[in-house]
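Scroll down for the structure; my scribbles are underneath it.
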Ligand code: SF4
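Residue numbers (the working numbering): 380 to 737.
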């Protein structure tokens with residue numbers, strides 16, 4: 380059985396792990412991201428590389444220590460450095476004389492099919508592969524649905540920490556789920572148990588849309604648990620970027636992008652790589668939906684998000700919505716982020732009180 384590792388990004392590992400077991404490979408779970416992960420990545424990656432590459436490289440190095448023989452990495456197309464990152468990591472690992480093999484999965488059906496056959500160690504029929512993928516997708520979708528409920532409940536629960544604990548409990552149970560029926564059962568039970576924490580007396584919730592680069596948005600370690608912090612401040616977070624959404628969009632090409640592209644076009648009429656155009660378009664849509672504010676999350680030096688950041692002040696002015704841009708790197712600290720989001724939430728709360736009085 381091939382021992383296969385993958386990088387850490389939010390809850391991605393739960394579905395990937397289940398997919399690899401079903402495929403007949405042995406998943407090597409990445410250690411939770413820590414200062415050591417970050418240090419390993421920073422020491423061995425080029426200084427100019429963006430944060431996700433550094434963290435992923437740290438994940439790979441730790442997984443090799445745990446016995447990984449193969450390392451999975453997504454490839455990419457378009458005007459962003461992501462497309463090179465699998466190759467850059469492969470070369471760094473070669474220079475470090477690590478003999479794990481890097482498998483870069485490009486976002487096209489042939490690369491995906493070839494890679495999975497290779498990991499299986501022989502021919503896998505398309506029908507079997509479809510069933511394995513469908514099962515992994517069910518898990519991913521159930522996790523994303525539970526996460527949406529936590530976003531709604533954190534600002535409405537007496538103790539937002541309880542929402543986080545209950546959510547974590549159901550993530551663990553979903554991790555172990557071995558059938559589609561069990562996934563369905565756990566999702567329904569998880570939603571019910573989470574909704575018990577709703578406090579109907581809470582009325583003054585403000586609404587903030589999260590936009591930005593996918594890794595920064597989905598991985599709580601690198602964005603310093605910003606969604607939990609916002610929830611504790613009485614903010615309901617809204618976001619479109621979820622793992623299942625990304626797979627449906629980038630791999631299965633089943634997402635209609637016209638709404639955010641149309642909204643972005645007067646401000647940014649071209650696809651600039653990563654999620655740059657989506658960041659602008661989604662910020663416009665959130666303003667038109669009546670949300671109280673938008674927060675952009677991005678890694679320091681992320682080119683598409685730097686372009687988007689330069690456009691967002693115009694969006695903010697014309698669409699009448701406060702927007703805060705936060706860029707993160709390995710030096711970002713809790714205190715600085717906490718202060719900035721507290722000031723932002725204070726601003727939007729006062730603004731929404733004024734509009735109620737007007
Ligand atoms: S989207 Fe940004 S952070 Fe992600 S790989 Fe591209 S440049 Fe780097």
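Note that beta-carbon positions come from the ideal geometry of N, C-alpha and C, so glycine has one too.
Quick caveat: nothing in here was measured; it's all calculated off a predicted structure.
Using only CA atoms, which one of the options lies nearest to residue i?
i, options, result
"residue 507", "713, 639, 402, 694", "402"
"residue 706", "417, 416, 404, 430", "430"
"residue 512", "734, 453, 397", "397"
"residue 729", "671, 606, 449", "671"
"residue 606", "653, 559, 675", "675"
"residue 529", "550, 515, 462, 432", "550"
"residue 457", "523, 649, 665, 669", "649"
"residue 405", "495, 588, 468, 603", "495"
"residue 391", "587, 637, 624", "624"
"residue 488", "380, 631, 638, 541", "631"
"residue 693", "636, 651, 669, 645", "645"
"residue 681", "400, 399, 428", "428"
"residue 510", "618, 559, 527", "559"
"residue 527", "552, 618, 578", "618"
Determine the contact status of residue i and residue j, defining contact as a CB-CB distance below 7 Å.
i, j, result
"residue 482", "residue 451", "yes"
"residue 677", "residue 655", "no"
"residue 533", "residue 610", "yes"
"residue 521", "residue 562", "yes"
"residue 712", "residue 459", "no"
"residue 432", "residue 385", "no"
"residue 556", "residue 544", "no"
"residue 603", "residue 467", "no"
"residue 585", "residue 731", "yes"
Just the Cα atoms here: how many angstroms apart are residue i and residue j?
i, j, result
"residue 498", "residue 703", "43 Å"
"residue 710", "residue 647", "31 Å"
"residue 531", "residue 393", "23 Å"
"residue 600", "residue 539", "18 Å"
"residue 323", "residue 423", "Because the chain is modelled from 380 through 737, residue 323 falls outside the range shown and cannot be assessed."
"residue 598", "residue 387", "8 Å"
"residue 504", "residue 629", "23 Å"
"residue 581", "residue 726", "20 Å"
"residue 638", "residue 477", "45 Å"
"residue 568", "residue 537", "20 Å"
"residue 708", "residue 679", "5 Å"
"residue 410", "residue 434", "12 Å"
"residue 470", "residue 596", "27 Å"
"residue 412", "residue 426", "19 Å"
"residue 486", "residue 589", "25 Å"
"residue 594", "residue 651", "17 Å"
"residue 547", "residue 514", "21 Å"
"residue 462", "residue 583", "43 Å"
"residue 493", "residue 517", "23 Å"
"residue 519", "residue 669", "29 Å"
"residue 721", "residue 454", "37 Å"
"residue 636", "residue 664", "12 Å"
Tell me, to the nearest whole angstrom, how far the beta carbon of residue i is from that of residue j; I am working on the premise that it is less than 8 Å.
i, j, result
"residue 445", "residue 484", "About 21 Å; that fails the 8 Å criterion."
"residue 738", "residue 658", "Any answer about residue 738 is impossible in this case: the structure gives the chain only from 380 up to 737."
"residue 441", "residue 419", "7 Å"
"residue 525", "residue 576", "The Cβ separation is near 13 Å, so there is no contact."
"residue 698", "residue 733", "About 18 Å; that fails the 8 Å criterion."
"residue 616", "residue 627", "About 21 Å separates the two Cβ atoms, so there is no contact after all."
"residue 660", "residue 642", "4 Å"
"residue 535", "residue 448", "Actually they do not touch by this definition, with Cβ atoms about 46 Å apart."
"residue 621", "residue 554", "About 17 Å separates the two Cβ atoms, so there is no contact after all."
"residue 416", "residue 389", "With a Cβ gap of about 15 Å, residue 416 and residue 389 do not count as contacting."
"residue 691", "residue 662", "6 Å"
"residue 377", "residue 673", "Residue 377 lies beyond the stretch modelled for the chain, which goes from 380 to 737, so this question has no answer here."
Does the ligand SAH have even one heavy atom less than 6 Å from the beta-carbon of residue i?
i, result
"residue 653", "Of the ligands one can find in the structure shown, namely the ligand SF4, none is the ligand SAH."
Threshold first: 4 residues or longer. Then list the alpha helix (DSSP H) segments lying entirely within the region 709 to 737, N to C. You should have 713 to 736.
What are the start and end residues of each continuous alpha helix (DSSP H) run of 4 or more residues lying completely inside the region 481 to 547, in chain order? Fully enclosed alpha helix (DSSP H) runs of 4 or longer: 488 to 499, 505 to 532.
Can you list, in chain order, the stretches of the beta strand (DSSP E) that have 3 or more residues and sit fully within the region 661 to 691? Counting only runs of 3 or more, we get 672 to 678.
Runs of 3 residues minimum, wholly inside the region 605 to 655: which ones carry the beta strand (DSSP E) assignment? Segments of the beta strand (DSSP E) lying fully in the region 605 to 655: 614 to 617.
With a floor of 4 residues, list each alpha helix (DSSP H) that falls wholly inside the region 432 to 479, ordered by position along the chain. Segments of the alpha helix (DSSP H) lying fully in the region 432 to 479: 461 to 474.
Inside the region 396 to 425 only - alpha helix (DSSP H) runs reaching at least 4 residues: Runs of the alpha helix (DSSP H) inside the region 396 to 425: 414 to 423.
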